[in-house]
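Q: Take a look at this one; I'll ask things after.
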Amino acid sequence: AVLCLADAEGDLLLQLAAALAVGSRAVWPATHRGLRDTLPDAARDRVALATDWTRDAVRFDAVLHHGDPASRLALAGKLSQRAGPIVGLVCLAPGDMRIPLERLLVERSISITPAAAGGNASLMTIG
């Protein structure tokens, strides 16, 4: 999930497009309910509204922010106070359309090693 924060509706819609492009969903502050309600059903279903995104119960993996430097600093402070994993913060100037999509992806890696089977690789094929 990507937390989308912007004052301008155009920036918020751009953030939504970026989240959808990477197969994610967006989390918007509830103050943008009216804009969400104007979206096509398929897009609207991918936007969750949060009354207070600073609550630890609101889950997201990355944050997109269009705003000025002062609001960026305040946002970074709020994010640092949240419990749980550290989330990536992408800060953009209002109107900037160059969202780095790779920053919205969550990488997971799985390692399979025969050492887990006591060094006997043939044990890995049983099953």
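Per the numbering used here, the very first residue in the sequence shown carries number 4; after that it's consecutive.
Note that beta-carbon positions come from the ideal geometry of N, C-alpha and C, so glycine has one too.
It should be emphasised that the depicted structure is a prediction, and the values quoted were computed from it without experimental measurement.
Can you list, in chain order, the residues of its chain with a C-beta nearer than 7 Å to that of Arg-49? Leave out the 5 residues immediately preceding and following it.
A: Leu-23, Arg-28, Ala-29
Q: Restricting to Cα atoms, I'd like to know which of Ala-65, Ala-73, Leu-82, Leu-95 is closest to Val-25.
A: Comparing C-alpha distances from Val-25 to each of Ala-65, Ala-73, Leu-82, Leu-95 shows the shortest one belongs to Ala-65.
Q: Is the Cβ-Cβ distance between Arg-106 and Gly-91 less than 7 Å?
A: For Arg-106 and Gly-91, yes; Cβs fall inside 7 Å.
Q: For Gly-13, report the span of its alpha helix (DSSP H) as first-last.
A: 12 to 24
Q: Looking at Leu-52 and Trp-31, is the spacing between their C-beta atoms short of 7 Å?
A: yes
Q: In the DSSP assignment, the beta strand (DSSP E) including Gly-70 goes from what residue to what residue?
A: Careful: Gly-70 lies outside any beta strand (DSSP E) and carries neither H nor E.
Q: Please list the segments of the alpha helix (DSSP H) lying wholly inside the segment 38 to 117, counting only runs of 4 or more residues, in order along the chain.
A: 44 to 47, 72 to 83
Q: Per DSSP, what kind of secondary structure is Ala-4 in: helix, strand or coil?
A: coil
Q: Whole angstroms are fine: how far does the CA of Ile-89 sit from the CA of Ser-83?
A: 8 Å
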